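There are 2 protein chains.
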Amino acid sequence: MGFAEHYRRHAEFVLHDWLQVERLAERPRFAEHSRETFSAVLDLAQRLARERFAPFNRLADTEEPTFDGERVHLPQPTVEAMRAYAASGLLAAMEDEALGGLQLPCTVAMAANAFISHASVGMGGYAMLTRGNAGLLMAHGTPAQQRVFAANEFAGRWFGTMCLSEPQAGSSLSDITTRAEPDGEGAERDPLGPRHRLRGHKMWISAGEHEITENIVHLVLAKIPGADGRLVPGVRGISLFICPKWLVDDQGALTGERNDVALAGLNHKLGYRGTTNTLLNFGEGRFRPGGKAGAVAYLVGRPGEGLKAMFHMMNEARIGVGLGATMLGYAGYDASLDYARQRPQGRPATPAGKDPTQPQVPIVQHADVRRMLLAQKAYVEGAVALELYCARLVDEQDTGDAGAKAEAGLLLEVLTPIAKSWPSEWCLEANSLAIQVLGGYGYTRDFPVEQHWRDNRLNMIHEGTHGIQALDLLGRKVVMNGGEGLSVLAHRVSQTLARAGQCAPLADDANRLAAALQRLGAVTKAAWSTGVPAEALGNAVPYLQAFGHTVLAWIWLELALTAQAALDGGATGGDADFLRGKLAAKDYFFRHELPKCEPWLQVVAARDATTREVQDAWL
Amino acid sequence: MGFAEHYRRHAEFVLHDWLQVERLAERPRFAEHSRETFSAVLDLAQRLARERFAPFNRLADTEEPTFDGERVHLPQPTVEAMRAYAASGLLAAMEDEALGGLQLPCTVAMAANAFISHASVGMGGYAMLTRGNAGLLMAHGTPAQQRVFAANEFAGRWFGTMCLSEPQAGSSLSDITTRAEPDGEGAERDPLGPRHRLRGHKMWISAGEHEITENIVHLVLAKIPGADGRLVPGVRGISLFICPKWLVDDQGALTGERNDVALAGLNHKLGYRGTTNTLLNFGEGRFRPGGKAGAVAYLVGRPGEGLKAMFHMMNEARIGVGLGATMLGYAGYDASLDYARQRPQGRPATPAGKDPTQPQVPIVQHADVRRMLLAQKAYVEGAVALELYCARLVDEQDTGDAGAKAEAGLLLEVLTPIAKSWPSEWCLEANSLAIQVLGGYGYTRDFPVEQHWRDNRLNMIHEGTHGIQALDLLGRKVVMNGGEGLSVLAHRVSQTLARAGQCAPLADDANRLAAALQRLGAVTKAAWSTGVPAEALGNAVPYLQAFGHTVLAWIWLELALTAQAALDGGATGGDADFLRGKLAAKDYFFRHELPKCEPWLQVVAARDATTREVQDAWL
């Protein structure tokens, strides 16, 4: 099979047979589109990924970015791949045609960009950040900020970053200490926005330094001191700023003056090495724009509303992280399936034992290898469907009618922590299984699976750790508005159950999922029954895990309904095999995975105090 | 705390409070020993690990061994550390004093060697292989082979290897094609054993080439062709040979002649880089000992009994692998516990929310961080206890009375697959949790936890993969002799249950474990109820996982009984904290882990056919 053909076929099934994305072309925003234009975009991304990214993924790992004290050096293929990507127009896939965008649905744009992650999640990291940065400016920036910064980012002339964390403030953003002070006389009337000077340190900044593009647009969270010169404690004091590496005029032309943002160092990572990850110093005086120290930066939105603006973009960013994790899993599945079909080893166990005079069989014939492949399939194909389902909700939120918008918004609130966390955990497990299928070979750097596993380990950490996702889900999302988000999800699941109940081969699974859903609801109530946050949230991660597995069982039942309908419709040959594969993966998920929920939920339901009560001195 | 002090204290608790190893000194073989000599050996190993290994573990990772076409280059600290280790006498820790050994119990020797794995499992790999090699010769070699080869290995002058796998035969040893042909006239009367010439390729040979020692003793599985010149198919045709890198005379003096064993290449691994891993060519004519091609090798034991001899050593080798995996987990636990106690971040959730004006707290105070630490503690301390329990069984097998020997042998058969597989899976998970505790820092190479995780991934692969361990357990060990091994284990567990039933704080846990044990027995029967191997073994890995978790629950109940007795005996202060930690880890294991068995067992009990019946074309 050609590059990522397995994913292509699955994505087409998800997009068309299940999500029916071509119906989006009936909406005014997507009226220029059709199934054909959607396919053309997938073709484009698949080709770019195959030609520009896939051949250099290992190089991007072995030739880690270096910093000589002045400049960062990246492998040239990374630079060229990202420039080709920028030139393709995919950075602006979802933007207005008037802005040079392709005005595509999020669902199709995500499905297309997934090819890049399949080929090299590390090399492609620059794109995700740039889209997130520019998208935020489209939602919260002034027209001038959009014209100068966002437009240049969508065009691929400049790339963007998100500067949230600091060395002393990772998950705890309320503790950031980067200061933003008004930049003297007339600063508030700067055409690019109220001008400030930033001083502080930002840590874990991906794509924070490189020379792929002529400029880098940093979006920076910082605090404006009060009249007493002190920073406001907590998240309410946080504002958002645009801080370009090179200063620009109000038409977006480079002035040639370097801003006071300096690379303090590169982080040396376990994986994901194609994307630089940096510690940046703002305003330390390394450069002196306008003759003085301090990084020139322009306020976005109102003071004190920085975190709110940042979180606006979080849903899409987190779906993007989840999809990246998913595609790493998919790449490992492809590699291990290919290996298992080629590699002869051993013979089937028969009641009469094994006959060593017979030739060896390909290892795909061994039950345990099939178990490891089917588990990977269930994880990665299920995760693709989950991510594209969430992307479809983004489209609904953007282009649906009022009722549909609201419902999609509620569902996204509840599903985003799952879309981010579930593939980060289970597609990482898929990567481990891929290594195991290859055995000793999988442990060597002669095969790609060990890199997938290393690259994927980041995804449980960045964009909100697993623990943060769990607190977000159980502490906020399932209880907000009296549990409205959870109710909407339960309603959607029950619609699926009603359809599956009418489909004989799936009726048992419908009963299993109904029980799981009911149990999840009861446990959510039990967790909060005392109203004490520490008791409810002490086991938030097991709750997140069970919630995720229940959601994925629902996704798999949806896919199985789609596949069963196509089989009942008379699919034959290779098509029938493809559809039976969906049913087998669904079987695997319902029999081997869904039952794992109960052990996770038991501790949540009991508000088990084991981890809460253990004392530091006992560890 | 000093280097590995946390492990030291736990090991002392396991060795003395639980296993009462000092009572072994009552036996004639260990009569020269006492608690003091045991402590002295632990001191020695701890110091060597701290001074010679720990400071260079990262270097052994970043300066991977290289091959210039002629010679292999290792970092000098690895060479010096292994020479210091060899000089310490620890290689011969268990051997007879007459042979220069320390004549220590296996339990104590393993507990001591664990320090080396804690400091650098990769640098220490040479020792485990050398001990296994020489131990095999002590069991199966002639007096001359023992005097010439084993004695030089125990003395640390030569190191050893185990050459089983071939490029086309990994898990399937029946397919090896290395040929062994008698080396002409008088070959059968060679004082070092019937002399043959080997021709073939051996893959994944750890420590297969280096210059730490003046010679390398390869133990090689090969097949002697029949009269028709053909190799006997299957494992019955396999014989075992000694094949030194440099030829020696019958007194063990180097003759200066190079044997025809050549390094074809080094494998470039994900981790575990301190130990070279090689592809070796035997008899390709690179060297011409005695004027002709072919690697000179001496038969060990009888023709066709090579695999039996190799498996003789497998129990100890697999316990060694399990202990290595365990100590990697322990090293990660130490690093993440230390970090969690130092790192301020965030504030506790209270019913009134969080007060950002308060100082941040160390992350060890957050429930989810405590969950991740307690899980690691339960995995790694439980695994230490399991491995040392197995080592204690080896001592019983070696020095117990006839009945005790037999019972220990049966238990070892059943427990060895668990001792090998369980830490390989769950202490790897511990390593992942350690990364998660450190967050972004854990993903960088500035901290040791990412290396632990990479190093540990090997352990589910080498010395028999997870899948092979599972087949060994469910296909052989629990059914052999009418299930005698499982009965003996069940009897031991029921003795624990009887004691725990009398101890009020542990009575509930006793009931839970009793139910788990009963379920495990019933599922074992259900798996085999049709007598069809493919049906029983299709879900062998989930069975292995459930079996392992049940065994570990038993181990934790044993440790809890020991801790509770000490608390009831009036322990106070730091001692009481230490003991309460054991009870908390037991609580964690019974509440969060033991319930995971049921989802695994369901598919085994149902002889679930999902993975067996999925067709290649559906994947």
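Protein sequence lines, in the order shown, are assigned to chains A and B.
For the first sequence, position 234 (counting from the first letter as 1) is numbered 234 according to my numbering, and the numbering increases by one without interruption.
Here my numbering = 1-based position in the second sequence + 619.
By construction, the Cβ of each residue, glycine as well, lies at the ideal position given by its N, Cα and C atoms.
Note that this is a predicted model, so its numbers are computed, not measured.
- With respect to chain B, the C-beta atom of Ala385 of chain A has no partner C-beta closer than 8 Å.
- Here Ser739 of chain B is buried. Its C-beta has 16 or more other C-beta atoms within 10 Å.
- Contact annotation, Leu198 of chain A with Val232 of chain A: C-beta distance approximately 16 Å; criterion of less than 8 Å not satisfied.
- Taking a C-beta cut-off of 9 Å against chain A, the contacting residues of the stretch 1188-1205 of chain B are Gly1193, Asp1196, Phe1197, Leu1198, Arg1199, Gly1200, Lys1201, Leu1202, Ala1203, Ala1204, listed in chain order.
- In the three-state reduction of the DSSP assignment, Met94 of chain A falls in the coil class.
- Between Leu1171 of chain B and Leu1047 of chain B the beta-carbon gap is near 15 Å, outside 8 Å, which marks them as no contact.
- Judged by DSSP secondary structure, Arg1011 of chain B falls within the alpha helix (DSSP H) whose first and last residues are 986-1018.
- Residues of chain A whose Cβ lies closer than 9 Å to the Cβ of Gln764 of chain B do not exist, since the nearest Cβ in that chain is about 29 Å away.
- If you draw a 10 Å sphere on the C-beta of Arg47 of chain A, you find fewer than 16 other C-beta atoms in it, and that means exposed.
- Under the three-pair Cβ rule at 8 Å, the stretch 939-947 of chain B does not count as touching the stretch 196-211 of chain A.
- In the displayed model, Ser658 of chain B falls within a helix according to three-state DSSP.
- When DSSP assignments are scanned along the stretch 467-513 of chain A, the uninterrupted stretches of alpha helix (DSSP H) that are 4 or more residues long and fall wholly within it turn out to be 480-501.
- In terms of Cα proximity to Glu1217 of chain B, the closest of B:Pro1161, B:Glu1177, B:Asp802, B:Ile1037 is B:Pro1161.
- For Pro191 of chain A, there are no C-beta contacts with chain B under 8 Å, since the nearest C-beta of that chain is about 35 Å from it.
- In the DSSP assignment, Asn315 of chain A is bridged to no other residue.
- Residue state for Val532 of chain A is assigned as coil, using DSSP reduced to three classes.
- Inclusion of Leu506 of chain A and Gln564 of chain A in the CB contact set at 8 Å is warranted, their separation being smaller than that value.
- With its beta carbon less than 8 Å from one in chain A, Thr1084 of chain B belongs to the interface.
- Closer than 9 Å at the C-beta level to chain A, one finds these residues of the stretch 1155-1178 of chain B: Leu1156, Gly1157, Asn1158, Ala1159, Val1160, Pro1161.
- Here Pro448 of chain A is buried. Its C-beta has 16 or more other C-beta atoms within 10 Å.
- At a beta-carbon threshold of 7 Å, the residues of chain A lying near Met1079 of chain B are Gln436, ordered along the chain.
- Under the DSSP assignment, Asn113 of chain A falls outside any beta strand (DSSP E), being part of the alpha helix (DSSP H) whose first and last residues are 106-120.
- Of A:Thr550, A:Tyr7, A:Arg492, A:Gly464, the smallest CA-CA separation from Ala515 of chain A is found for A:Thr550.
- For Gly285 of chain A, no beta strand (DSSP E) segment is defined, and its DSSP state is neither H nor E.
- In this structure, the beta-carbon distance from Leu104 of chain A to His33 of chain A falls below 8 Å.
- Our two residues, Asp508 of chain A and Lys377 of chain A, have alpha carbons roughly 22 Å apart in a direct line.
- In the displayed model, Tyr917 of chain B falls within a strand according to three-state DSSP.
- Of all residues in the stretch 260-280 of chain A, those with a C-beta nearer than 9 Å to a C-beta of chain B are Asn267, His268, Lys269, Leu270, Gly271, Tyr272, Asn277, reading in chain order.
- For Lys864 of chain B, the secondary structure class from DSSP, reduced to helix, strand or coil, is coil.
- Nearest to Leu1132 of chain B by C-alpha distance, out of B:Phe1209, B:Ser1040, B:Gly1189, B:Asp1065, is B:Phe1209.
- Exposed is the label assigned to Ser529 of chain A, since fewer than 16 other Cβ atoms lie within 10 Å of its Cβ.
- His10 of chain A: not part of any beta strand (DSSP E); member of the alpha helix (DSSP H) spanning 5-12, first to last residue.
- Straight-line spacing of the CA atoms in Glu924 of chain B and Ile857 of chain B works out to 6 Å.
- Lys911 of chain B is not bridged by DSSP to any residue.
- By DSSP's assignment, Leu899 of chain B forms a beta bridge with B:Lys821, B:Leu882.
- In terms of CA proximity to Cys163 of chain A, A:Ala207 leads the group A:Thr142, A:Ala207, A:Gly156.
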